[in-house]
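Colleague:
Protein chains: 2
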Amino acid sequence: MTAKTFSPLAPPSRVLLGPGPSDVAPSVLRALSAPTVGHLDPYFLGVMDEVRAMLRVAFGTANTITMPMSGTGSAGMETLFVNLVEPGDRVLVGVNGVFGGRMAEVARRCGAEVTTVDAPWGRPLDPDDLRKATQGARFDAVAIVHAETSTGALTSLEGMRALADSCGALLLVDAVTSLGGVPIDVDTHGVDAIYSGTQKCLSCPPGLAPISLSERAMAKLKARKSKPQSWYLDLELIGSYWGSERAYHHTAPINMLYALHEALRLVIEEGLEARFARHRRHATALAAGLRAMGLELPVPEASRLPPLTLVAIPEGVEDAPVRKALLERYGLEIGGGLGDFKGRAWRIGLMGAASTPRNVMLCLTALAETLASAGYRVAGDPIAAAGAAL
Amino acid sequence: MTAKTFSPLAPPSRVLLGPGPSDVAPSVLRALSAPTVGHLDPYFLGVMDEVRAMLRVAFGTANTITMPMSGTGSAGMETLFVNLVEPGDRVLVGVNGVFGGRMAEVARRCGAEVTTVDAPWGRPLDPDDLRKATQGARFDAVAIVHAETSTGALTSLEGMRALADSCGALLLVDAVTSLGGVPIDVDTHGVDAIYSGTQKCLSCPPGLAPISLSERAMAKLKARKSKPQSWYLDLELIGSYWGSERAYHHTAPINMLYALHEALRLVIEEGLEARFARHRRHATALAAGLRAMGLELPVPEASRLPPLTLVAIPEGVEDAPVRKALLERYGLEIGGGLGDFKGRAWRIGLMGAASTPRNVMLCLTALAETLASAGYRVAGDPIAAAGAAL
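So the protein sequences, as listed, match chains A and B.
Taking the numbering used here, I'd label the letters of the first sequence as residues 1 to 390.
Taking the numbering used here, I'd label the letters of the second sequence as residues 1001 to 1390.
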C-alpha cells in the first residue's frame, strides 16, 4: 500500500458553454448534497413520484413509463434498443451525426438488421429520403435523433409518426440536447420511446437518462420472445421498482435524483414556453454576434438547434489553441467539432441555466479577443449585433 | 401542461444502518456539490487519474484497468459479464444469496452456459463443493460473491485462484459490500475481474461502480470473437476515455466522481488497516449487544461480514412495524431480509462513515426499546455487552 496522500478537490470556476455538461444552477448543486436517505425510504419514494410527474411535463406525455435510468444519456439510448429490439428485428436509423451513428451501432449489438438513411453532417434528416427507405418496406423500429449534439442540427418530428406507421415501426427518438430546451411534445408527435440526458438543457450534472415509453412500446416489450440482453437496463424489472410494487432492482442514485428533482422543478417554475423562448432568444443573439464577427454558421438557420450553435473555425485559425486560451484566460469552455467537423468547427452551447444574456456577451467578447490575438480580423461589432437581438 | 408546482426537497435526517446506501461523510457531500466542470477539462482529467490511483490502493492492485463505471454496483456486475463472457462460454457461479443468483442470470443473458454451485443462504460458499464442480471440467469463468449483501456472509478468496486455474477459468468477484470495509487484496488473491459499488463501505452516494481487471482478463477481452453486447459498458471504448487517449465515449458523471474522489481520499487518510479494524471492532460490539438481548445471528461467526450483520427476527415479532418504528421515531434505517430471510431477519449495516461507537449504541438502544414495545422480553444488558467490546 502506498503512503501517497491526495488533496481535497477545488475545481476551477468555469462557464460551461460546450455541448454539455452545462452550468448547474446553485439550487441544483445544493439539492445534490442534501443528506442521503435509503432507496426504499418513504420520503425517497415520494421524490421518485414527483420526478416522474415532472418528467412527464417536460417530455409532454402522459406515458406511465417515464423515469430516469441510472446512467448517462448513452445508457438511455441503450435502454431503448435492448428492450425494444430483438435479434433479427429490422431497424431504420437516420444518421446525420455521431449520435445517429451510435444508435445504429447499438442496434446492431442487439442483433438488429440495421438500415441507415444518411444526411450530411450539419443538416437535418431529409423526410423524402426517409420516405423512400420505408416505402413498401417493413421495419420494427425507426430511430432518429431529434437534436444532433454533434452538429447542432434539429430534425423536426413532424410527420415522423406517419412515416413509422407506413412501415409498421415503433418511433424511437434521441432527445438528449432538446429536453428542456426546445419543444418535444412526445404525445403530440406519437413518439413511442425517447431518451435524454440531464446535463444539457435541464442543467443537472450528468449521470441520469430520462426516458419515456408509449403503451405501444410497452406492448412490444411485453411480447418479447427473449429476455432483454441487459439485466441492468431491463425495463420490466426497473418498472417494478419505479412503479407501485417498489420491488428492489438496483440501488437508485439517490443524490443524483435529488438534483434532477430540483432541476425539473426549475423547468416547471419557469414554464416550458418561457424556457424555449429564452433558449431561442439567446441563440439568435449569439448567432447575430458571431455573424457580425464574420464567422460562418454551417447549419442552415431553419434547422439550427437553439441550445447548441455550430460555428466554423475561420481559415488560418487553429482549433486547440483558441479553446485553450478561452479556458485558461476566461474559464470559458466551448466544444470542439466531432467527425466531419473535427478541427473545422466549434460547438457553443447555451443550455438551461447557462442560456443568459451575460453568457452570450461573455462568449462573444472572449471569442473576439481570442480570435484577434490569433491574427483573425474581427469584421463588425458583435456586441451591438447581439444586443439588438436580446 | 399542468400548472402544478413542486416544493424544493428537504430530506429527513436519517442514520443509515441498512445494507446501503450508508451515511455519507459531510466532506463527501460537499465535494458532490462542487461546481461542475467539463468531462474533458484538464482539471477533471486530473481528478480521473487520482480516482484511479486511489481505487488501486483500495482494491489492492496494480491493474491498469481500474476505474469507476457510470452506473450502480449492478452495472459493475454487468460490465464484467458483457465484456468477459461470450455466447457459449461456460461459467461457474457460486450462489449463496441474491447476488450470486443475479450473476448467474446476467451471465445467461450474455449467452453463457451457466453451472451453479449452491450454498445455504447465510453461509459462505463451500470450497469442497466448488472443487467438485470444477474437477476435470473446463470453465471460461468462475464467479463468486466475496461479501453477500443479501445475507452478510463472507466467502474467503483464499484458494480461489488455484480453483480457477484448475479449470482454466478467469476469476470474477463481487466486492460490493467489501471494498473499503474488509481486506480484498485483488493482486494477492489473483482476482481477474472485480466490481463494487460506492454506497457501501466507501460511504459515497450510490451511482458509480468501481471495477478492476487483470492483464489476463484484458487479454480475454481483446481476443473476443464478437463485440460486447453492451456499447455503454464496452471496456475497450471506455478504456480509451479513462486511458491516455481521452477519446470521448459518454459524458462522465462529473459530480459523482468528485464525491468518489473525496470518499477514497478519506479511506486512504484513515489507512486501510485502521479502517478494516474499525469495521471489525464495531461489528463485534454490535454482535455482542444483539446477543445480550437474546437475539440470534444466523451467519456463523467465522463467516460474518463486519460491515453487515444479519439478525434473526425473534419469534412473535413482526418485521415491518419494527422497521417502521425505528425509522419514524429514531430516523434509523435498518434493512429487511431478502429471499430465504424475507420477514425472518434484519440486516444491520455499519459501513464506512456509519461504523461508529455512537451508531452501535444508537442501534442497540433503539432496537431494544422498539422490541420491548412490541412485547419482546429483552434478556440482558446490550449496552454493557457492546461497551465491553468497543
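All C-beta atoms, glycine included, are put in the ideal place defined by N, C-alpha and C.
Quick one: is histidine 1261 of chain B near chain A, going by C-beta distance under 7 Å?
Modeller: For the purposes of this step, residue 1261 of chain B is taken as residue 261 along the second sequence, with counting starting at 1. Chain A contact via Cβ: present.
Colleague: Decide if the region 1063-1072 of chain B is in contact with the region 1083-1092 of chain B; the criterion is three or more beta carbon pairs, one per stretch, under 8 Å apart.
Modeller: Cβ pair count under 8 Å is below three, so no.
Colleague: Just the Cα atoms here: how many angstroms apart are methionine 1 of chain A and alanine 374 of chain A?
Modeller: In the first sequence, counting from the first residue as 1, residue 1 of chain A sits at position 1. In the first sequence, counting from the first residue as 1, residue 374 of chain A sits at position 374. Low confidence applies to methionine 1 of chain A: its pLDDT is 46, below 50, so where it sits in the model is not reliable, and the reading given next is rough at best. Using only the alpha carbons, I get a separation of about 48 Å.
Colleague: Label glycine 1337 of chain B either buried or exposed according to how many other C-beta atoms from any shown protein chain fall within 10 Å of its C-beta, with 16 as the threshold for buried.
Modeller: By 1-based counting over the second sequence, the position of residue 1337 of chain B is 337. It is buried - the Cβ of glycine 1337 of chain B has at least 16 other Cβ atoms within 10 Å.
Colleague: Is serine 1033 of chain B near tyrosine 232 of chain A, with beta carbons less than 7 Å apart?
Modeller: As a working mapping, residue 1033 of chain B is identified with position 33 in the second sequence. As a working mapping, residue 232 of chain A is identified with position 232 in the first sequence. No, these two residues do not count as a Cβ contact at 7 Å.
Colleague: What does DSSP give as the partner residues of valine 117 of chain A in its beta bridges?
Modeller: Counted from its first residue, the first sequence places residue 117 of chain A at position 117. DSSP lists A/Gly94 as partners of valine 117 of chain A.
Colleague: Counting only beta-carbon separations shorter than 7 Å, does phenylalanine 6 of chain A have a partner in chain B?
Modeller: Indexing the first sequence from 1 puts residue 6 of chain A at position 6. Cβ-Cβ to chain B under 7 Å: yes for phenylalanine 6 of chain A.
Colleague: Going along chain B in order, which residues have a C-beta closer than 7 Å to the C-beta of tyrosine 330 of chain A?
Modeller: On the first sequence, residue 330 of chain A is found 330 positions in, with the first residue counted as 1. Going along chain B, no residue has its Cβ under 7 Å from tyrosine 330 of chain A, so there is no contact; the nearest lies around 13 Å.
Colleague: Within its chain, find whatever has a CB closer than 8 Å to the CB of isoleucine 211 of chain A; leave out the 5 residues flanking it on each side and keep chain order.
Modeller: Working through the first sequence from its first residue, we reach residue 211 of chain A at position 211. Hits under 8 Å: Ile65, Thr66, Met67, Pro68, Met69, Gly76, Thr79, Leu80, Ala193, Ile194, Tyr195 and Ser196.
Colleague: So which residues of chain B does lysine 342 of chain A contact, with C-beta pairs closer than 7 Å?
Modeller: The residue you call residue 342 of chain A lines up with position 342 of the first sequence. Correct list: empty, because the minimum Cβ distance to chain B is about 11 Å.
Colleague: The beta strand (DSSP E) spanning valine 173 of chain A covers which residue range?
Modeller: Working through the first sequence from its first residue, we reach residue 173 of chain A at position 173. Taken as a continuous stretch (DSSP letters only), the beta strand (DSSP E) holding valine 173 of chain A covers 170-174.
Colleague: Quick one: which chain B residues come within Cβ less than 8 Å of methionine 54 of chain A?
Modeller: Here residue 54 of chain A corresponds to residue number 54 of the first sequence, with the count starting at 1. Result: Phe1006.
Colleague: Does any C-beta atom of chain A lie closer than 7 Å to the C-beta of methionine 1351 of chain B?
Modeller: As a first step, residue 1351 of chain B is located in the second sequence; it is residue number 351 there, counting from the start. Judged by the 7 Å Cβ criterion, methionine 1351 of chain B is not in contact with chain A.
Colleague: Taking the alpha carbon of threonine 309 of chain A as the reference point, which residue from A/Glu269, A/Asp23, A/Glu148 and A/Pro120 has its own alpha carbon closest?
Modeller: Here residue 309 of chain A refers to the residue found at position 309 of the first sequence. Closest option to threonine 309 of chain A, Cα to Cα, is A/Glu148.
Colleague: Just verifying my parser: in three-state terms, what is the DSSP assignment at glutamate 269 of chain A?
Modeller: By one-based count along the first sequence, residue 269 of chain A stands at place 269. DSSP places glutamate 269 of chain A in helix when its eight states are reduced to three.
Colleague: I want to verify the contact list: residues of chain C whose CB lies under 9 Å from the CB of aspartate 187 of chain A, in sequence order.
Modeller: The displayed structure is made up of protein chains A and B, and chain C is not among them.
Colleague: To the nearest angstrom, how far is it from the Cα of threonine 1251 of chain B to the Cα of proline 21 of chain A?
Modeller: Within the second sequence, residue 1251 of chain B is the residue found at index 251, counting from 1. Within the first sequence, residue 21 of chain A is the residue found at index 21, counting from 1. Cα to Cα, the separation comes out at about 8 Å.
Colleague: Using the DSSP secondary-structure output, state which residues sit across from valine 458 of chain A in a beta bridge.
Modeller: No statement about residue 458 of chain A is possible, as the shown extent of chain A runs from 1 to 390 and does not include it.
Colleague: Determine contact between the region 1039-1050 of chain B and the region 1214-1227 of chain B, defined as no fewer than three beta-carbon pairs at a distance below 8 Å.
Modeller: At 8 Å Cβ cutoff, the stretches do not touch.
Colleague: Can you name the start and end residues of the alpha helix (DSSP H) that aspartate 1067 of chain B belongs to?
Modeller: Translated into positions along the second sequence, residue 1067 of chain B becomes position 67. First, the residue type needs correcting, since residue 1067 of chain B is methionine and not aspartate in the sequence shown. Counting along the chain, methionine 1067 of chain B falls outside any alpha helix (DSSP H), though it belongs to the beta strand (DSSP E) covering 1065-1069.
Colleague: With 16 as the cutoff for other CB atoms within 10 Å, does aspartate 1185 of chain B come out buried or exposed?
Modeller: Your numbering for residue 1185 of chain B matches position 185 in the second sequence. Flag for aspartate 1185 of chain B reads exposed.
Colleague: Alpha carbon to alpha carbon, what distance is there between proline 1300 of chain B and leucine 1172 of chain B?
Modeller: Sequence index remark: in the second sequence, residue 1172 of chain B carries index 172 (1-based). Sequence index remark: in the second sequence, residue 1300 of chain B carries index 300 (1-based). One C-alpha to the other measures close to 25 Å.
Colleague: Can you name the start and end residues of the beta strand (DSSP E) that tyrosine 195 of chain A belongs to?
Modeller: Walking along the first sequence from the start, residue 195 of chain A turns up at place 195. Run containing tyrosine 195 of chain A: 193-195, per the beta strand (DSSP E) assignment.
Colleague: Which of helix, strand or coil does DSSP assign to threonine 72 of chain A?
Modeller: Along the first sequence, read from residue 1 onward, the residue named residue 72 of chain A stands at position 72. Coil at threonine 72 of chain A, not helix or strand.
Colleague: Distance check for glycine 1180 of chain B and leucine 1125 of chain B, CA to CA, integer angstroms please.
Modeller: Sequence index remark: in the second sequence, residue 1125 of chain B carries index 125 (1-based). Sequence index remark: in the second sequence, residue 1180 of chain B carries index 180 (1-based). Leucine 1125 of chain B and glycine 1180 of chain B: Cα-Cα distance of roughly 22 Å.
Colleague: Who pairs with leucine 305 of chain A in a beta bridge, going by DSSP?
Modeller: As a first step, residue 305 of chain A must be located in the first sequence, where it is residue number 305. DSSP output for leucine 305 of chain A lists A/Leu308 as bridge partner(s).
Colleague: Note down the Cα distance separating alanine 1283 of chain B from arginine 56 of chain A, rounded to an integer number of angstroms.
Modeller: In the second sequence, residue 1283 of chain B corresponds to position 283, counting from 1. In the first sequence, residue 56 of chain A corresponds to position 56, counting from 1. Cα to Cα, the separation comes out at about 45 Å.
Colleague: Skipping 5 residues on each side, what residues in its chain have a beta carbon closer than 7 Å to that of alanine 345 of chain A?
Modeller: As a working note, residue 345 of chain A is residue 345 in the first sequence. These residues qualify, in order along the chain: Pro298, Leu310, Val311, Ala312, Ile313 and Gly337.
Colleague: What are the residues of the region 1216-1243 of chain B that lie near chain A, defined by any Cβ-Cβ distance shorter than 7 Å?
Modeller: Going along the region 1216-1243 of chain B in chain order, one finds Lys1227, Gln1229, Ser1230, Trp1231 and Tyr1232 with a Cβ nearer than 7 Å to chain A.
Colleague: Would you say threonine 134 of chain A reaches chain B, if we count a Cβ-Cβ gap shorter than 7 Å as a contact?
Modeller: Translated into positions along the first sequence, residue 134 of chain A becomes position 134. Not one chain B Cβ lies under 7 Å of threonine 134 of chain A.
Colleague: Tell me whether glutamine 135 of chain A is buried or exposed, calling it buried when 16 or more other Cβ atoms sit within 10 Å of its Cβ.
Modeller: Looking up residue 135 of chain A in the first sequence gives position 135. Exposed, since its Cβ has fewer than 16 Cβ neighbours within 10 Å.
Colleague: Going by DSSP in three states, alanine 1320 of chain B sits in which element: helix, strand or coil?
Modeller: Looking up residue 1320 of chain B in the second sequence gives position 320. Helix at alanine 1320 of chain B.
Colleague: Closer than 7 Å, CB to CB, is glycine 18 of chain A near chain B or not?
Modeller: In the first sequence, the residue the question calls residue 18 of chain A occupies position 18. Taking Cβ atoms only, chain B reaches closer than 7 Å to glycine 18 of chain A, which makes this a yes.
Colleague: Excluding the 5 residues preceding and the 5 following tyrosine 1376 of chain B in the sequence, name in chain order all residues of the same chain whose CB lies nearer than 8 Å to its CB.
Modeller: Reading the second sequence from its first residue, position 376 is the one you call residue 1376 of chain B. Cβ within range, chain order: Pro1314, Gly1316 and Val1317.
Colleague: Should arginine 1358 of chain B go down as buried or exposed, given a rule of 16 or more other Cβ atoms within 10 Å for buried?
Modeller: Position 358 of the second sequence holds residue 1358 of chain B. Counting Cβ neighbours within 10 Å, arginine 1358 of chain B comes out exposed, since fewer than 16 surround it.
Colleague: What residues of chain B sit near isoleucine 268 of chain A, judged by a beta carbon separation below 7 Å?
Modeller: Sequence index remark: in the first sequence, residue 268 of chain A carries index 268 (1-based). Simply Thr1005 and Phe1006.
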